[in-house]
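The block underneath contains the structure these notes are about, expressed in structure tokens.
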Amino acid sequence: MSIRKIIAHVVGATGCVAVGWAVHGLLLIGTCGDFGQPACPPQAPGYLGALFGGVVAVVGAVIAGAGLALPGLFLALTVAALRAAAELPPAERTTPFLLAGIFGLLILVPLALLPFVLHRRRAATRLAAEGDEAIGTITRVQDTGVTINDDPRVRLTLHISPSDGSPSFTGETALVVSRLGAPSRGQRFAVRYDPADRRRFVLGDPLDVADVGDADPLDRLAKLHQLRLAGALTDEEFAAQKRRILADLP
1 MSIRKIIAHV VGATGCVAVG WAVHGLLLIG TCGDFGQPAC PPQAPGYLGA
51 LFGGVVAVVG AVIAGAGLAL PGLFLALTVA ALRAAAELPP AERTTPFLLA
101 GIFGLLILVP LALLPFVLHR RRAATRLAAE GDEAIGTITR VQDTGVTIND
151 DPRVRLTLHI SPSDGSPSFT GETALVVSRL GAPSRGQRFA VRYDPADRRR
201 FVLGDPLDVA DVGDADPLDR LAKLHQLRLA GALTDEEFAA QKRRILADLP
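Going by UniProt numbering, the residue at position 14 of the sequence shown is 14; the numbering climbs one at a time, nothing skipped.
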């Protein structure tokens, strides 16, 4: 973990503690300072300052890459509200319990979805290892308008050619890409797909004709032949690359 992320996590944790402390104190104080209400105690401004500063710290930590700061904030708010409810008279516990329920749900819902996310990740890993091989050529790149950590999420349309010579098909997938290394139309990728459900596929490494040039001549010829069978190379491209490989032989 980088120094920046370590600092971000420390700042985020500090912000969560500050927010929890402030909310607990403010809930115990209740309404004050308005017409007909008792004057606010001297510690109220400190709670408000800690609340504001803590929220700013958590937001800054999330922007800096501390993804756990946000669920940490929800946890701190839930604990603070429950603590306040336990210390207040029964007639004044409605608001703390309501806050605890809201922020508790924001924690429990992602936890409930976690098994499904892990199942999808395991399925994708298994597909990448055991799926049928193919070559996918990007035919369309569409920006979804979503940005995650300054990186855009794009939707790719690919023409997928199985390596075993079976009919090609069209597939779509969405992924977050680097702005500096965004995929482009015509770029080829290694693909693994589920022959029983061709909608399920995963992208591998970029695959270009130039990649063939670093291997042993026999491996280069075999790879060229595979690209040709998959439809990733035209007959003219195959012949030109084959002549280049044969010319390099001693």
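Cβ atoms here follow ideal geometry from the backbone N, Cα and C, with glycine treated the same way. The structure displayed is predicted, hence computed values, not measured ones.
Along the chain, where does the beta strand (DSSP E) containing residue i start, and where does it finish?
| i | result |
| --- | --- |
| residue 87 | Here residue 87 belongs to no beta strand (DSSP E); instead the alpha helix (DSSP H) covers 69 to 87. |
| residue 35 | Per DSSP, residue 35 belongs to no beta strand (DSSP E) and is neither H nor E. |
Less than 8 angstroms between the beta carbons of residue i and residue j, yes or no?
| i | j | result |
| --- | --- | --- |
| residue 12 | residue 69 | yes |
| residue 245 | residue 221 | yes |
| residue 66 | residue 8 | yes |
| residue 58 | residue 16 | yes |
| residue 54 | residue 78 | no |
| residue 50 | residue 22 | yes |
| residue 202 | residue 134 | no |
| residue 158 | residue 145 | no |
| residue 195 | residue 132 | yes |
| residue 26 | residue 88 | no |
| residue 165 | residue 189 | no |
Going by alpha carbons, who is nearest to residue i out of the options?
| i | options | result |
| --- | --- | --- |
| residue 182 | 124, 44, 141, 54 | 141 |
| residue 30 | 246, 197, 119, 91 | 91 |
| residue 173 | 94, 193, 41 | 193 |
| residue 63 | 147, 39, 176 | 147 |
| residue 167 | 179, 155, 198 | 198 |
| residue 108 | 120, 74, 149 | 74 |
| residue 178 | 153, 32, 200 | 153 |
| residue 18 | 235, 46, 96 | 46 |
| residue 6 | 61, 37, 36, 32 | 61 |
How many Å lie between residue i and residue j at the Cα?
| i | j | result |
| --- | --- | --- |
| residue 111 | residue 71 | 11 angstroms |
| residue 151 | residue 138 | 19 angstroms |
| residue 98 | residue 186 | 54 angstroms |
| residue 101 | residue 81 | 9 angstroms |
| residue 255 | residue 161 | Residue 255 is absent from the model: the chain starts at 1 and stops at 250. |
| residue 126 | residue 118 | 12 angstroms |
| residue 94 | residue 130 | 54 angstroms |
| residue 40 | residue 24 | 15 angstroms |
The alpha helix (DSSP H) spanning residue i covers which residue range?
| i | result |
| --- | --- |
| residue 141 | No alpha helix (DSSP H) contains residue 141, which is instead part of the beta strand (DSSP E) from 132 to 148. |
| residue 8 | 3 to 29 |
| residue 45 | 44 to 63 |
Quick check on residue i - is its C-beta less than 8 angstroms from some C-beta in chain C?
| i | result |
| --- | --- |
| residue 76 | Included in the structure is just one protein chain, with no chain C present. |
Segments assigned beta strand (DSSP E), at least 3 residues, entirely inside the region 153 to 212 = Those beta strand (DSSP E) runs which fall completely within the region 153 to 212 and span 3+ residues are 169 to 176, 188 to 194, 197 to 206.
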